[in-house]
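Chains as they are written, first to last, in numbering that gives the first Met the number 0: chain U, 0 to 210; chain A, 0 to 210.
Just so it is clear, CB atoms sit at the ideal spot from N, CA and C, and this is done for glycine as well.
In this text, all values refer to a predicted model and were calculated from it rather than measured experimentally.
Shown next, in structure tokens, is the structure this report addresses.
2 protein chains.
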Amino acid sequence: MKDLPHKTIERLSQYRRALLLCLDKGKTHIYSHEIAKIQHITAVQVRRDLMLIGYTGTLRKGYNVKELIDLIGHIIDSEEGINVAIVGMGNLGRALINYFAGKRSKLKIVAGFDINPDKIGNIMSGVPCFSLDEMPEVIAARNIKVGIMTVPADFASDTANALVKAGIKGILNYTPKPVNVPKEVYLEEYDMITTLEKVAFYVKMQEEEES
Amino acid sequence: MKDLPHKTIERLSQYRRALLLCLDKGKTHIYSHEIAKIQHITAVQVRRDLMLIGYTGTLRKGYNVKELIDLIGHIIDSEEGINVAIVGMGNLGRALINYFAGKRSKLKIVAGFDINPDKIGNIMSGVPCFSLDEMPEVIAARNIKVGIMTVPADFASDTANALVKAGIKGILNYTPKPVNVPKEVYLEEYDMITTLEKVAFYVKMQEEEES
DNA sequence: GAAATTTTGTTAATATTTTAACATTGTTAA
DNA sequence: TTAACAATGTTAAAATATTAACAAAATTTC
Ligand SMILES: NC(=O)c1ccc[n+]([C@@H]2O[C@H](COP(=O)([O-])OP(=O)(O)OC[C@H]3O[C@@H](n4cnc5c(N)ncnc54)[C@H](O)[C@@H]3O)[C@@H](O)[C@H]2O)c1
Ligand SMILES: NC(=O)c1ccc[n+]([C@@H]2O[C@H](COP(=O)([O-])OP(=O)(O)OC[C@H]3O[C@@H](n4cnc5c(N)ncnc54)[C@H](O)[C@@H]3O)[C@@H](O)[C@H]2O)c1
């Protein structure tokens, strides 16, 4: 499973989300082309991904929704679950905590950190907010493995360093400023502006094509 | 320029962001390996991307920061700029508006839409909030081309339909529910959970490797 | 002033990802 | 019963994306 393509990992997560919705609707089986339709990809790709994880559907009946959800969970989730911390309890930080609050999942946001004394000590949607000083202890004590960064861009690099020092293993950086971490820390960066600019680019292209 | 690789488009947007920071610091030239370092990619890739857009640096001096920013702008920006609307002025919607407020860019969020009467009529960080009924007129009148969706997941599909009907050309969907749009509308979907699950997966993998 | 160095630009090779092709096999229907 | 169909699973091919290799040229060093 170690060498599943990166893209397949992402899609498995998405398949599961779609499958959970199907389960809620009472669907017990699903065809590859149904999953594909939802995700805007081809049925071949779905079947190929499922082949890679060794799941076999029933010919002419499709895939068993429940089984597949479980299998994907076995592959991408860590058995004991993974605890997550969020640094920067501002607009985006709070929005994310809020968003995750309802979801039952192997991923739990168990701590927040902020520099603002007014926020420290508060509990937001069930997540307690700590001071930066407390970071090393809290991260160790709560067995936190992943950190989400939603601090102002100017503090991006400091925050990344602090997280690394505290022993975090993976970082998701929502700051528009790329950071550097040791290679043993898995880093994912996402900037909303890039995505928006990409959409705008293709819209522009289509317009130019038409004219 | 039409056939630039998708990945190159994304990177150009990111290069520009990095270059703008350099400009602020008073840097006039930059080497490919410096850009690469910031973006966690290789210098070859940077040079190749720049080759694709036909930009030529100065041997041994690197690239002219200002020129490159301008060129990237010419390629990915639309000359007149593109107006953007955001549907769903909740936590995430407001966070996004806030985030964009400061940035000078060819992309402007010029309208928000919500179903909540308490929000309609308000102005948030300079963006006026309209009712859903007003969507067709507002989108036409303000020449809005791109829509960002930050409504509750259950309304994702309705919102996409409404945006398409109102004549939008590109959609960026932050809802965890994939939507369907006609093929002439460019659609990009982003779910934060996918990214977080991916980070968690690689953290898990690394741990298993170590043990 | 020649050699070494550094950096760009480009072509070629490699790696990854997606798509196509098709064999296989239950199921439906004539 | 058998032909047509609709689905999966897999191998092969094509398309995309990244990396390596190296020539060319400006700069520095000896
Ligand atoms: N709001 C968005 O939609 C959005 C989108 C993309 C990216 N971002 C980025 O996410 C980050 C946060 O955005 P926001 O809108 O939530 O900003 P915000 O100002 O609302 O929140 C920032 C929070 O970080 C805290 N903080 C400041 N310095 C800190 C430090 N050194 N350590 C810990 N906490 C610290 C502040 O007290 C505040 O609570 C920014 O870098 C922004 O560019 C935001
Ligand atoms: N908060 C996050 O960090 C986060 C992250 C990823 C995805 N999301 C997704 O983004 C969406 C919004 O999240 P949020 O935290 O901002 O939720 P929210 O409840 O704070 O905001 C939703 C807003 O949409 C409005 N709304 C409801 N129905 C509408 C309709 N039919 N048309 C227009 N507006 C409508 C509500 O009045 C509210 O203002 C959700 O789908 C959520 O799953 C949120």
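- The beta carbon of P135 of chain U sits closer than 8 Å to the beta carbons of K164, A165 and G166 from its chain, once the five residues preceding and following it are set aside; these are given in chain order.
- Within the same chain, and ignoring the five residues on either side of D23 of chain A in sequence, no residue has its Cβ closer than 7 Å to its Cβ.
- Counting only residues of its own chain and dropping the five nearest sequence neighbours on each side, K144 of chain U has a CB closer than 7 Å to the CB of I81, N82, I167, K168 and G169.
- At a cut-off of 8 Å, the C-beta of A199 of chain A has a neighbouring C-beta in chain U.
- Among the residues facing chain A, G169 of chain U is included, as its CB has a counterpart in that chain under 8 Å away.
- At a C-beta separation below 8 Å, N97 of chain A has these neighbours in chain U: N90.
- Taking the CA atoms as reference points, V202 of chain A sits about 7 Å from Y185 of chain U.
- With a cut-off of 8 Å on Cβ pairs, the stretch 117-130 of chain U is in contact with the stretch 83-97 of chain U, counting three or more such pairs.
- Ranked by Cα distance from A17 of chain A, the options A:G92, A:Q38, A:A110 and A:I114 are led by A:Q38.
- By the criterion of at least three beta-carbon pairs nearer than 8 Å, the stretch 172-181 of chain U is not in contact with the stretch 107-123 of chain U.
- At a cut-off of 8 Å, the C-beta of P177 of chain U has a neighbouring C-beta in chain A.
- Contact note: E9 of chain U reaches chain A through T193 and K197, using a C-beta cutoff of 7 Å and chain order.
- Excluding the 5 residues flanking it on each side, G61 of chain A has same chain C-beta neighbours closer than 6 Å at H28, I29 and Y30, in chain order.
- Taking the C-beta atoms as reference points, A110 of chain U is found nearer than 8 Å to R141 of chain U.
- A direct Cα-to-Cα measurement between Y54 of chain U and A152 of chain A gives close to 29 Å.
- Annotation for Y189 of chain U: L171, N172 and Y173 place their beta carbon closer than 8 Å to its own, counting only its chain and skipping 5 residues before and after.
- Between I68 of chain A and L19 of chain A, the gap from beta carbon to beta carbon is short of 8 Å.
- Closer than 7 Å to some heavy atom of ligand 2: that does not describe the Cβ of A110 of chain A.
- Looking at the DSSP output, N172 of chain A bridges to A:M148 and A:E188.
- For the stretch 36-51 of chain U, the set of positions with a beta-carbon nearer than 9 Å to some beta-carbon of chain A reads K36, I37, Q38 and H39 in chain order.
- Under the Cβ criterion of 8 Å, V202 of chain A is counted among the residues facing chain U.
- In summary, S210 of chain U is exposed, with fewer than 16 beta-carbon neighbours lying within 10 Å of its beta-carbon over all protein chains present.
- Within a 10 Å sphere around the beta-carbon of K197 of chain A sit 16 or more other beta-carbons, which makes this residue buried.
- Under the three-state reduction of DSSP, I40 of chain U is assigned to coil, being neither helix nor strand.
- Separation of I85 of chain A and M191 of chain A (C-alpha to C-alpha, rounded to the nearest whole angstrom) is 18 Å.
- Look at S124 of chain A: its C-beta is not under 8 Å from any C-beta on chain U.
- Using a Cβ-Cβ cut-off of 8 Å, I81 of chain A is close to A199, V202 and K203 of chain U, given in chain order.
- The alpha-carbon of D76 of chain U is positioned some 6 Å away from that of K105 of chain U.
- In this structure, V86 of chain U has its CB closer than 7 Å to one or more heavy atoms of ligand 1.
- Using a Cβ-Cβ cut-off of 8 Å, K60 of chain A does not count as an interface residue toward chain U, since no Cβ of chain U sits closer than that to its own.
- The residues A110 and F129, in chain order, have a CB closer than 6 Å to that of V137 of chain A in the same chain once the five nearest residues on each side in sequence are set aside.
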